[in-house]
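K.L.:
If you read the first sequence in the working numbering, its first letter stands for residue 4, the second for the next number, and so on.
Mind having a look at this structure? Questions to follow.
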Amino acid sequence: MNSHLVPIATTEGTFTARFSATGLAGLEFPKAAPIPRRAHRSPQPDANLNPHRAPLPAPLARWRAVTARALAEALAGKAPQELPPLDLSVGTAFERRVWAALAGIPWGRTRTYGQIAAAIGRPRAARAVGRACGANPIPVLIPCHRVLGAGGRLGGFSAGLEWKRRLLAREKLPAAPAKM
DNA sequence: CCCTAGCGGTGCT
DNA sequence: AGCACCGCTAGGG
Numbered sequence: 004m005n006s007h008l009v010p011i012a013t014t015e016g017t018f019t020a021r022f023s024a025t026g027l028a029g030l031e032f033p034k035a036a037p038i039p040r041r042a043h044r045s046p047q048p049d050a051n052l053n054p055h056r057a058p059l060p061a062p063l064a065r066w067r068a069v070t071a072r073a074l075a076e077a078l079a080g081k082a083p084q085e086l087p088p089l090d091l092s093v094g095t096a097f098e099r100r101v102w103a104a105l106a107g108i109p110w111g112r113t114r115t116y117g118q119i120a121a122a123i124g125r126p127r128a129a130r131a132v133g134r135a136c137g138a139n140p141i142p143v144l145i146p147c148h149r150v151l152g153a154g155g156r157l158g159g160f161s162a163g164l165e166w167k168r169r170l171l172a173r174e175k176l177p178a179a180p181a182k183m
């Protein structure tokens with residue numbers, strides 16, 4: 004898998020972006036501490052983070068900058084102005100349709116799993132939509148956190164509900180603890 | 001709140 | 001083909 008892992012430091016910790024030849028292919032939440040922690044030795048930049056020694060895509064530096072800015076904006080509670088090209092070639096056809104629908108949810112708005120299901124023409128596949136959301140390789144920028152359960156329930160989140168709550172709060176969205 | 005039945009996509013056997 | 005997962009949902013206590 005020709006891809007480059009690139010750490011992206013934010014106020015919420017260091018994310019890891021994965022870039023393929025065609026764009027941002029993955030984004031991982033900070034591993035342990037939400038608060039960036041200084042290691043004993045100063046962390047090496049991205050020098051050794053390419054497990055496959057793939058040739059460096061020429062636009063990578065720009066993609067990284069765009070990604071870092073978009074992520075910073077998202078975490079600061081602002082709608083990202085520009086996203087890097089997204090490489091969503093990995094998923095199934097169904098998952099890609101779900102992800103495309105997620106990408107269309109405006110900043111500061113939410114949908115339910117059922118609404119996404121209906122939007123992609125599979126009105127009874129709400130549960131499968133939830134599963135596909137969990138497979139979203141680029142959380143935050145592909146806003147799977149804006150998908151809630153029916154009646155405003157929080158629903159689930161692969162990276163932990165704490166993140167979902169936090170991301171929703173950044174967009175001034177009701178934490179929706181109301182269990183109907 | 002709980003429980004149940006029904007649902008669809010995915011991956012493993 | 002079968003089956004066991006699941007970020008679901010509607011309906012009934």
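Where a beta carbon is used, it is the ideal one built from N, C-alpha and C, also for glycine.
Just so it is clear, the structure is predicted and the values come from calculations on it, not from any experiment.
Any idea what DSSP makes of G29, helix, strand or coil?
P.N.:
In the first sequence, the residue the question calls residue 29 occupies position 26. Strand, per DSSP.
K.L.:
Whose C-alpha, out of Q84, R99, E85, is nearest the C-alpha of P91?
P.N.:
As a first step, residue 91 must be located in the first sequence, where it is residue number 88. Sequence inspection shows Leu at residue 91; the Pro mentioned does not correspond to that position. Closest option to L91, Cα to Cα, is R99.
K.L.:
Ignore the nearest five residues each way along the sequence and tell me which others in K167's own chain have a CB closer than 6 Å to its CB.
P.N.:
The sequence position of residue 167 within the first sequence is 164, counting from 1. H148, F160, listed in sequence order.
K.L.:
Of the residues I145, G158, A122, I123, which one's Cα is nearest the Cα of L74?
P.N.:
Here residue 74 refers to the residue found at position 71 when the first sequence is read from its first residue. Residue I145 is the option with its Cα nearest to L74.
K.L.:
Rank L63, N139, G111, A61 by C-alpha distance to the C-alpha of G94 and give the top, closest one.
P.N.:
Along the first sequence, one-based indexing puts residue 94 at 91. Nearest of L63, N139, G111, A61 to G94, Cα basis: N139.
K.L.:
Can you give me the C-alpha to C-alpha distance between W102 and R134, rounded to a whole angstrom?
P.N.:
As a first step, residue 102 is located in the first sequence; it is residue number 99 there, counting from the start. As a first step, residue 134 is located in the first sequence; it is residue number 131 there, counting from the start. In a straight line, the C-alpha of W102 is about 11 Å away from that of R134.
K.L.:
L8 lies in the beta strand (DSSP E); which residues open and close that run?
P.N.:
Locating residue 8 in the first sequence gives position 5, where the first residue counts as 1. L8 -> beta strand (DSSP E) spans 7 to 13.
K.L.:
Tell me F18's beta-bridge partners as DSSP assigns them.
P.N.:
Locating residue 18 in the first sequence gives position 15, where the first residue counts as 1. Looking at the DSSP assignment, F18 forms a beta bridge with I11.
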